[in-house]
Ligand code: GLU
């Protein structure tokens with residue numbers, strides 16, 4: 057083969073590689089460069105924003121650096137876009153509830169949660185005792201504390217260690233790496249979680265938690281204390297966007313058939329009392345945690361996560377909400393939007 061022909065083949069291959077690099081990923085009108093620009097723009101726009109305050113009802117959360125700000129978007133074909141601090145860890149807090157919910161559904165089928173907890177927004181704060189009293193512990197959902205502690209109590213296992221191991225493996229599969237508990241946060245929350253203990257006792261009294269309510273509360277406290285960075289959370293969100301299969305590791309973290317129900321509850325109850333406003337604005341199923349994390353899912357396209365600890369009055373990260381709303385609008389990611397024919 058002549059040198060020229062060899063070069064010609066090489067040239068054609070190089071051209072294909074260059075073109076492919078500029079092509080829009082599946083489901084996107086934008087090229088990878090444009091997506092990265094959208095992510096960078098949101099980061100630059102909000103990095104100086106100082107609104108909100110760290111949660112302080114769990115003392116250890118008040119000590120987390122409020123300037124921490126990182127954005128990660130993971131597409132269902134495994135592309136990763138990042139801006140800011142994507143490696144620093146915060147405790148996952150309420151975002152964990154989504155993945156324990158997924159675990160229970162995989163073990164017992166989707167009806168078990170509907171029957172024992174419900175899948176409706178309570179209209180009350182996430183740790184409301186009035187919400188428990190209103191319907192004797194029914195007609196709530198697995199993303200508020202009474203429902204979440206009950207969901208944790210439903211995870212199969214004979215000992216606390218066995219149940220915990222099963223929960224952590226689930227989280228690891230979603231995140232794509234082994235996660236661990238932030239001991240300081242766990243200790244701080246365990247010392248101050250009397251309200252959650254009371255909620256668990258009530259859920260036990262009403263027959264939703266079948267046994268050992270305080271064991272369930274302790275495992276729940278541990279699950280809320282798992283450390284995650286923005287990259288972990290984005291991988292977890294992208295797994296939900298991809299039929300329960302982690303697009304970065306290829307691991308099936310939950311049954312695909314249960315994903316729509318998880319997303320439905322995220323859509324209606326994922327951002328505490330701000331859930332309606334959030335859905336109105338973005339159309340995206342999402343879940344926030346008082347540690348400052350927020351995940352959102354664009355089914356079939358991408359998962360996105362932002363970490364920024366200062367929260368608004370409803371308990372949702374201020375910068376995370378703004379950054380994700382901007383990015384999803386720029387990427388035309390509202391799953392409820394359609395174009396007239
Ligand atoms: N562990 C926290 C609690 O139970 C979670 C709250 C949250 O992130 O919403 O109070």
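Numbering (my numbering), first residue to last: 57 to 397. Just so it is clear, CB atoms sit at the ideal spot from N, CA and C, and this is done for glycine as well. Bear in mind that the values here come from a model prediction, so they are computed numbers and not experimental data.
Cβ-heavy atom distance, residue 252 to the ligand GLU, below 8 Å:
Working through the chain shown from its first residue, we reach residue 252 at position 196. Remark: the shortest separation between the CB of residue 252 and any heavy atom of the ligand GLU falls under 8 Å.
Hey, could you find the ends of the beta strand (DSSP E) residue 113 is sitting in?
Locating residue 113 in the chain shown gives position 57, where the first residue counts as 1. Segment: none, residue 113 is in no beta strand (DSSP E) and carries neither H nor E.
With the cut-off set at 9 Å, would you say residue 197 and residue 251 are in Cβ contact?
If you number the chain shown from 1, residue 197 lands on position 141. If you number the chain shown from 1, residue 251 lands on position 195. 9 Å or more divides the Cβ of residue 197 from the Cβ of residue 251.
Reduced DSSP category for residue 146 - H, G, I as helix; E, B as strand; rest coil
In the chain shown, residue 146 corresponds to position 90, counting from 1. Here residue 146 sits in strand by DSSP.
Please find out if some non-hydrogen atom of the ligand GLU comes closer than 8 Å to the beta-carbon of residue 236.
As a first step, residue 236 must be located in the chain shown, where it is residue number 180. Residue 236: no, Cβ never under 8 Å from the ligand GLU.
Whose CA, out of 111, 218, 89, lies closest to the CA of residue 150?
Numbered from 1 along the chain shown, position 94 holds the residue referred to as residue 150. Of 111, 218, 89, the residue nearest in Cα terms is 111.
Nearest-angstrom Cα distance between residue 231 and residue 291?
Locating residue 231 in the chain shown gives position 175, counting from the first residue. Locating residue 291 in the chain shown gives position 235, counting from the first residue. Taking the straight line from one Cα to the other gives about 5 Å.
Can you check whether the CB of residue 157 is closer than 9 Å to the CB of residue 199?
Your numbering for residue 199 matches position 143 in the chain shown. Your numbering for residue 157 matches position 101 in the chain shown. With a cutoff of 9 Å on beta-carbon distance, residue 199 and residue 157 are scored as near each other.
Roughly how many angstroms lie between the CA atoms of residue 96 and residue 102, to the nearest whole one?
Counting from one through the chain shown, the residue named residue 96 turns up at place 40. Counting from one through the chain shown, the residue named residue 102 turns up at place 46. The C-alpha of residue 102 is placed about 10 Å away from the C-alpha of residue 96.
Secondary structure of residue 135, DSSP reduced to three states:
Taking the first residue of the chain shown as position 1, residue 135 is located at position 79. DSSP places residue 135 in coil when its eight states are reduced to three.
Can you tell me which of the three DSSP states residue 283 falls into?
Reading the chain shown from its first residue, position 227 is the one you call residue 283. Under the three-state reduction of DSSP output, residue 283 falls in the strand class.
Between the stretch 344-362 and the stretch 284-301, do three or more beta carbon pairs fall short of 8 Å?
A contact is defined here as three or more CB-CB pairs under 8 Å, and the stretch 344-362 meets this definition with respect to the stretch 284-301.
State the beta-bridge partners of residue 352 as determined by DSSP.
Stepping through the chain shown from its first residue, residue 352 is reached at position 296. According to DSSP, residue 352 bridges with 342, 360.
CA-CA distance, residue 326 and residue 397?
In the chain shown, counting from the first residue as 1, residue 326 sits at position 270. In the chain shown, counting from the first residue as 1, residue 397 sits at position 341. In a straight line, the C-alpha of residue 326 is about 32 Å away from that of residue 397.
Would you mind working out which of 356, 218, 277 sits nearest residue 247, comparing C-alpha positions?
Position 191 of the chain shown, counting from 1, holds the residue named residue 247. Of the listed residues, the one whose Cα sits closest to residue 247 is 277.
Within the same chain, show all residues whose beta-carbon is closer than 6 Å to that of residue 376, passing over the 5 residues directly before and after it, in chain order.
Working through the chain shown from its first residue, we reach residue 376 at position 320. These residues qualify, in order along the chain: 350, 362, 364.
For residue 253, which of helix, strand or coil comes out of DSSP?
Here residue 253 is taken as the residue at index 197 of the chain shown, counted from 1. Looking at residue 253 - three-state DSSP - the assignment turns out to be helix.
Rounded C-alpha distance that separates residue 79 from residue 303
The residue labelled residue 79 in the question sits at position 23 within the chain shown. The residue labelled residue 303 in the question sits at position 247 within the chain shown. Cα-Cα distance, rounded: 19 Å.
Mind reading off the beta-carbon distance from residue 242 to residue 281? Whole number of angstroms is fine, and I expect it under 8 Å.
What you label residue 242 is simply residue 186 of the chain shown in a count that begins at 1. What you label residue 281 is simply residue 225 of the chain shown in a count that begins at 1. By a beta-carbon distance limit of 8 Å, residue 242 contacts residue 281. Their separation comes to about 4 Å.
Is any heavy atom of the ligand GLU found at a distance shorter than 8 Å from the C-beta of residue 317?
Translated into positions along the chain shown, residue 317 becomes position 261. Outside the cutoff, so no.
How do the stretch 124-141 and the stretch 332-340 stand: do at least 3 beta-carbon pairs fall below 8 Å, yes or no?
Taking a cut-off of 8 Å on C-beta distances, the stretch 124-141 does not touch the stretch 332-340, as fewer than three cross pairs fall below it.
Using a threshold of 9 Å, state whether the C-beta atoms of residue 153 and residue 311 are closer than that.
Here the question's residue 153 lines up with position 97 in the chain shown. Here the question's residue 311 lines up with position 255 in the chain shown. Residue 311 sits away from residue 153, with the two beta carbons spaced by 9 Å or more.
Exposed or buried, which one is residue 113 when buried takes at least 16 other CB atoms within 10 Å?
Counted from its first residue, the chain shown places residue 113 at position 57. Result: exposed.
From residue 369 to residue 328, what does the alpha carbon distance come to, in whole angstroms?
By 1-based counting over the chain shown, the position of residue 369 is 313. By 1-based counting over the chain shown, the position of residue 328 is 272. Looking at the two C-alpha atoms, the distance is approximately 10 Å.
By how many angstroms is the C-alpha of residue 387 removed from the C-alpha of residue 86?
For the purposes of this step, residue 86 is taken as residue 30 along the chain shown, with counting starting at 1. For the purposes of this step, residue 387 is taken as residue 331 along the chain shown, with counting starting at 1. For the pair residue 86 and residue 387, the Cα-to-Cα distance works out to about 7 Å.
Start-to-end residues for the alpha helix (DSSP H) that takes in residue 202
Sequence index remark: in the chain shown, residue 202 carries index 146 (1-based). Per DSSP, residue 202 belongs to the alpha helix (DSSP H) from 201-210.
Residue 125: beta carbon under 8 Å from a heavy atom of the ligand GLU?
Position 69 of the chain shown, counted from the first residue, corresponds to residue 125. Incorrect: residue 125 has no Cβ contact closer than 8 Å to the ligand GLU.
Please report the straight-line C-alpha distance between residue 283 and residue 189, rounded to a whole angstrom.
The count along the chain shown starts at 1 and reaches residue 283 at position 227. The count along the chain shown starts at 1 and reaches residue 189 at position 133. Approximately 33 Å between the Cα atoms of the pair.
Rounded separation between residue 74 and residue 93 - CA only
The sequence position of residue 74 within the chain shown is 18, counting from 1. The sequence position of residue 93 within the chain shown is 37, counting from 1. Reliability of the predicted coordinates at residue 74 is poor, the pLDDT of 42 falling under 50, and the value obtained from them is presented with this limitation in mind. Spanning the two alpha carbons is a distance of roughly 19 Å.
Could one say the Cβ of residue 379 lies closer than 9 Å to chain C's Cβ atoms, at least one of them?
Structure shown: chain C not included; a single protein chain is present.
Please name the residue in 211, 185, 173, 204 whose C-alpha comes closest to that of residue 195.
Sequence index remark: in the chain shown, residue 195 carries index 139 (1-based). Measuring from the Cα of residue 195, the nearest candidate turns out to be 173.
If I measure Cβ to Cβ from residue 315 and keep anything under 7 Å in the same chain, skipping five residues before and after, which residues do I get?
Here residue 315 refers to the residue found at position 259 of the chain shown. The beta carbon of residue 315 is closer than 7 Å to those of 296, 299, 300 in its chain, skipping five residues each way along the sequence.
For residue 271 and residue 338, what's the separation of their Cα atoms in angstroms?
As a working mapping, residue 271 is identified with position 215 in the chain shown. As a working mapping, residue 338 is identified with position 282 in the chain shown. In a straight line, the C-alpha of residue 271 is about 38 Å away from that of residue 338.
Would you say the beta carbon of residue 188 comes nearer than 8 Å to a heavy atom of the ligand GLU?
Your numbering for residue 188 matches position 132 in the chain shown. Residue 188 Cβ: outside cutoff for every heavy atom of the ligand GLU.
May I ask which residues mark the beginning and end of the alpha helix (DSSP H) holding residue 155?
Sequence index remark: in the chain shown, residue 155 carries index 99 (1-based). It spans 152-164 - the alpha helix (DSSP H) in which residue 155 sits, taken as one unbroken run.
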